[in-house]
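**Q** Chains A and B are the protein sequences, given in the same order. Residues 1 to 236 in UniProt numbering are what the first sequence spells out, letter by letter. Residues 1 to 236 in UniProt numbering are what the second sequence spells out, letter by letter. Below is one structure. I have some questions about it.
Number of protein chains: 2
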Amino acid sequence: MADDSGHREPLNRERVLLAAVALADDAGLEAISMRKLAQALGVVPMALYKHVASKDELLNGMVDSVIGEIEPPQDGPDWLANVRRRILSARDVMLRHPWARRVLEAQSAPTPVVLAYTDSTIRMFLAGGLSADLVHHVMHTLGSRIFGFTQELHETSPAQAEELPPEVAQYMMATYPGIVAVAMSRPHDPGTVVGSGCDDRFEFEFGIDLLLAGVERLHRQGWRSADHDRDAASVI
Amino acid sequence: MADDSGHREPLNRERVLLAAVALADDAGLEAISMRKLAQALGVVPMALYKHVASKDELLNGMVDSVIGEIEPPQDGPDWLANVRRRILSARDVMLRHPWARRVLEAQSAPTPVVLAYTDSTIRMFLAGGLSADLVHHVMHTLGSRIFGFTQELHETSPAQAEELPPEVAQYMMATYPGIVAVAMSRPHDPGTVVGSGCDDRFEFEFGIDLLLAGVERLHRQGWRSADHDRDAASVI
DNA sequence: ACCTGAACACCGTTCAAGT
DNA sequence: ACCTGAACACCGTTCAAGT
């Protein structure tokens with residue numbers, strides 16, 4: 001998606017950011033270097049520094065641009081449905097720009113755009129009548145899920161156990177019986193399963209629904225911090 | 001913690017890994033380069049390649065060594081308490097080696113040690129009688145929490161709103177009212193609050209307890225995949 | 001005043017030359 | 001056979017020299 005022809009009109013910040021987003025979408029985050037981005041724009045590397053103070057600022061700008069794609073908050077009467085919908089919209093955006101998640105994670109400080117997104121999400125909970133105290137814990141618990149992704153580490157394994165060489169499958173079953181048992185059980189709707197055989201959307205919705213249901217229950221019960229027993233191995 | 005004196009005995013893999021862990025604990029992950037690690041060991045950079053095939057393998061070895069510090073699984077009668085205890089042990093380890101989390105996240109494939117840890121955790125749930133199906137979703141939902149950390153992005157803000165210059169506090173309240181409201185509400189036990197004013201352990205335990213309580217409830221109710229309504233904005 | 005090439009201080013890793 | 005220095009192909013960014 002590199003723009004080779006149009007480098008007649010002058011560069012500006014937006015053109016730089018859009019080109020960077022397109023390059024990352026195409027070639028991955030590791031393709032983003034000041035030098036390569038300049039080349040994609042038909043420009044000398046140092047020319048970028050007129051529009052972007054540093055590589056860090058470039059990356060922040062890219063994330064901000066991606067966050068701008070998330071659907072604005074709805075204000076329907078059902079706060080739970082509003083939140084759920086917003087989070088799933090964030091997830092759609094993150095699926096389009098998989099690199100954005102890594103940049104967001106590596107960010108040392110949130111940009112104003114990221115703060116504004118977080119703020120608006122918080123206000124959806126407050127609008128539902130939840131106490132600031134409860135919302136505080138909820139935000140910690142949801143964590144990166146409000147940005148549409150979860151820390152899942154390594155995809156649970158390729159999971160096509162049937163396609164492995166039999167001696168490898170044998171070895172796996174002997175060494176990691178738990179992983180194999182769990183990886184084999186995937187009774188999801190086959191129509192919605194993507195690629196590697198695991199229905200990521202189902203898992204994501206399962207996670208947020210479990211969390212939101214728990215939160216809603218606590219809210220209904222008038223939960224307060226002091227009720228949470230910190231010492232015993234107690235469960236909420 | 002660099003070993004300056006003892007570079008008489010020959011290098012071996014373990015010495016390299018331990019020195020790398022110590023260096024990362026001391027100086028942070030960005031201090032880990034083949035060149036700097038070699039210097040810390042009083043050795044020429046290329047000497048490391050005798051014991052470690054590449055920087056990637058070095059990082060994997062460092063994580064493996066850290067995972068080795070996590071308490072082995074207990075097999076008490078209460079699966080929930082067993083799991084909870086193991087996860088909190090993982091958290092203690094990760095607090096000692098904060099860089100490990102970033103390495104684990106960046107890993108493209110799990111090492112055998114990481115797989116073994118995941119496998120043993122899965123088996124704790126299976127030993128509790130949960131179906132492989134439910135455990136599958138649980139593992140997705142817990143995500144990186146089984147390794148003792150959560151994706152929390154940026155610490156919710158420094159949170160000492162009282163210490164901000166009044167015009168900044170004014171600006172924050174006007175611009176991010178939700179964040180401010182939530183950040184101000186921290187009625188935790190002051191004795192356990194660390195550094196920045198937010199009780200991380202409380203938040204972590206709140207999160208796992210909310211999740212484990214939800215899972216336990218589903219298990220008691222004989223939950224099956226098909227019960228989860230994928231289309232409506234339904235909550236479990 | 002604007003633009004930009006060379007240069008600096010780093011990387012991980014290859015490879016050939018030393019012993 | 002082992003060890004290692006120089007070199008390669010990259011970085012982000014500074015800075016001075018060009019226009």
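Think of the CB as a built atom: it goes at the ideal place given N, C-alpha and C, for glycine as much as any other residue.
(1) Is B/E57 close to chain A, meaning its C-beta is less than 7 Å from at least one C-beta of that chain?
(2) What separation, rounded to the nearest whole angstrom, lies between the Cα atoms of A/M184 and A/E205?
(3) Where do the N-terminal and C-terminal ends of the alpha helix (DSSP H) with A/V114 fall, by residue?
(4) Contact defined as beta carbons within less than 8 Å: I believe B/V52 pairs with B/H97. What is the distance between those atoms, to the nearest angstrom?
(5) May I have the straight-line CA-CA distance separating B/S54 from A/M34, to the nearest angstrom?
(6) Residues of chain B with CB under 9 Å from residue 247 of chain A, in chain order?
(7) Answer with yes or no whether the minimum CB distance from A/T111 to chain B is below 7 Å.
(8) Keeping to the same chain, check which residues put their C-beta closer than 8 Å to that of A/A174; ignore five residues upstream and five downstream.
(9) Measure the alpha-carbon distance for B/A20 versus A/D200 and round it to whole angstroms.
(10) Near B/L18, what residues of its chain come up, given a Cβ to Cβ distance below 6 Å and the 5 sequence neighbours on each side ignored?
(11) Please report how far the alpha carbon of B/W99 lies from the alpha carbon of A/P45, in whole angstroms.
(12) Using alpha carbons as the reference points, say which of B/D78, B/A181, B/A38, B/V113 lies closest to B/L23.
(13) Count the other C-beta atoms from every protein chain shown that fall within 10 angstroms of the C-beta of A/R101, then say buried if there are 16 or more, exposed otherwise.
(14) Go to A/D64, then tell me how far its alpha helix (DSSP H) extends in each direction, as first and last residue.
(15) Here's a check: name, in chain order, each residue in its chain whose Cβ is nearer than 6 Å to the Cβ of A/A81, leaving out the five neighbours to either side.
(16) With a cut-off of 8 Å on the beta carbons, I'd call B/L212 and B/V114 a contact; round off their distance for me.
(17) For A/A109, name the three-state secondary structure that DSSP assigns.
(18) Below 8 Å on the Cβ atoms is my contact criterion, and I expect B/V135 with A/V182 to pass it. Report the Cβ-Cβ distance as a whole number of Å.
(19) Let me know the secondary structure DSSP gives B/W223 once reduced to three states.
(20) Scan the region 122-142 of chain B for residues whose Cβ lies nearer than 7 Å to a Cβ of chain A and list them as they occur along the chain.
(21) Got a sec: which bits of the region 173-186 of chain B sit with their beta carbon under 9 Å from any beta carbon on chain A, in order along the chain?
(22) For the alpha helix (DSSP H) containing A/Q39, list its first residue and its last residue.
(23) Name the residue from B/P112, B/S89, B/Q151 whose alpha carbon lies nearest to the alpha carbon of A/I146.
(24) Since I believe B/V43 is in contact with B/R11 (beta carbons under 8 Å), could you give me their beta-carbon distance rounded to a whole number of angstroms?
(25) When the Cα of A/R220 is compared with those of A/Y171, A/L130, A/E163, which residue comes out closest?
(26) Run through chain B and tell me which residues come within less than 9 Å of A/Q221, C-beta to C-beta.
(27) Let me make sure I understand the geometry here. Which of B/E203, B/Y176, B/L95 has the alpha-carbon closest to that of B/I70?
(28) Measure from the C-beta of B/M23 to each C-beta in chain A and report whether the shortest distance is under 7 Å.
(29) Do we get a CB-CB distance below 7 Å when we pair A/F151 with the residues of chain B?
(30) B/D119 touches chain A at which residues, Cβ-Cβ below 8 Å?
(31) What is the DSSP secondary structure of B/Y176, counted as helix, strand or coil?
(32) Quick check on A/D119: buried or exposed, where buried means 16 or more other Cβ atoms within 10 Å of its Cβ?
(33) Between the Cα of A/R123 and those of A/E30, A/G214, A/P72, spot the shortest distance and give me the residue it belongs to.
(34) Taking C-beta to C-beta, are B/V63 and B/L29 nearer than 7 Å?
(35) Could you have a look at B/V44 and say whether DSSP puts it in helix, strand or coil?
**A** If we stick to the structure as given:
(1) B/E57 does not count as touching chain A.
(2) Taking the straight line from one Cα to the other gives about 20 Å.
(3) That run of the alpha helix (DSSP H) goes 112-127.
(4) Actually they are not in contact, since the Cβ atoms of B/V52 and B/H97 sit about 18 Å apart, beyond 8 Å.
(5) For B/S54 and A/M34, the distance between alpha carbons rounds to 26 Å.
(6) In this structure chain A extends from 1 to 236, so residue 247 of chain A is not present and cannot be described.
(7) False, the Cβ-Cβ gap to chain B never drops below 7 Å.
(8) Within the same chain, no residue comes within 8 Å of A/A174 by CB-CB distance, once the 5 residues on both sides are set aside.
(9) A straight-line Cα-Cα distance of about 36 Å links B/A20 and A/D200.
(10) Nothing meets the Cβ criterion.
(11) When the Cα atoms are used, B/W99 and A/P45 turn out to be separated by approximately 32 Å.
(12) If you compare the alpha carbons of B/D78, B/A181, B/A38, B/V113 with that of B/L23, the shortest gap goes to B/A38.
(13) So A/R101 ends up on the buried side.
(14) Looking at the DSSP string, the run of the alpha helix (DSSP H) that includes A/D64 is 55-67.
(15) There are no such residues.
(16) Contact flag wrong, Cβ pair sits at about 22 Å.
(17) In the three-state reduction of the DSSP assignment, A/A109 falls in the coil class.
(18) That pair is a contact at about 5 Å.
(19) Look at B/W223 here: in three-state DSSP terms it is coil, with no helix or strand label.
(20) Here the close residues are I122, R123, L126, A132, D133, V135, H136, H137, M139, H140, T141.
(21) Taking 9 Å as the Cβ-Cβ cut-off against chain A, the residues of the region 173-186 of chain B that qualify are T175, Y176, P177, G178, I179, V180, A181, V182, A183, M184, S185, R186.
(22) 34-40 is the extent of the alpha helix (DSSP H) around A/Q39.
(23) Measuring from the Cα of A/I146, the nearest candidate turns out to be B/Q151.
(24) According to the sequence shown, residue 11 of chain B is Leu rather than Arg. Beta-carbon to beta-carbon, B/L11 and B/V43 are separated by about 6 Å, close enough to satisfy the 8 Å threshold.
(25) If we check each option's Cα against that of A/R220, A/L130 comes out closest.
(26) Identification of chain B residues near A/Q221 by a Cβ-Cβ cut-off of 9 Å yields none; the smallest Cβ-Cβ distance measures about 12 Å.
(27) That would be B/L95, whose Cα lies nearest to the Cα of B/I70.
(28) One point to set straight first is that residue 23 of chain B is Leu, not Met, in the sequence displayed. No - not a single Cβ of chain A is within 7 Å of the one on B/L23.
(29) One detail in the question is off: residue 151 of chain A reads as Gln in this sequence, not Phe. With a threshold of 7 Å between beta carbons, A/Q151 makes contact with chain B.
(30) Result: T175, Y176, P177, G178, I179.
(31) In the structure shown, B/Y176 adopts coil according to DSSP, grouped into three states.
(32) Sixteen is the threshold: when 16 or more other Cβ atoms of the shown chains lie within 10 Å of the Cβ of A/D119, as they do, the residue is buried.
(33) Ranked by Cα distance from A/R123, the first of A/E30, A/G214, A/P72 is A/P72.
(34) By the CB criterion at 7 Å, B/V63 and B/L29 fall outside the cutoff.
(35) Correct three-state label for B/V44: coil.
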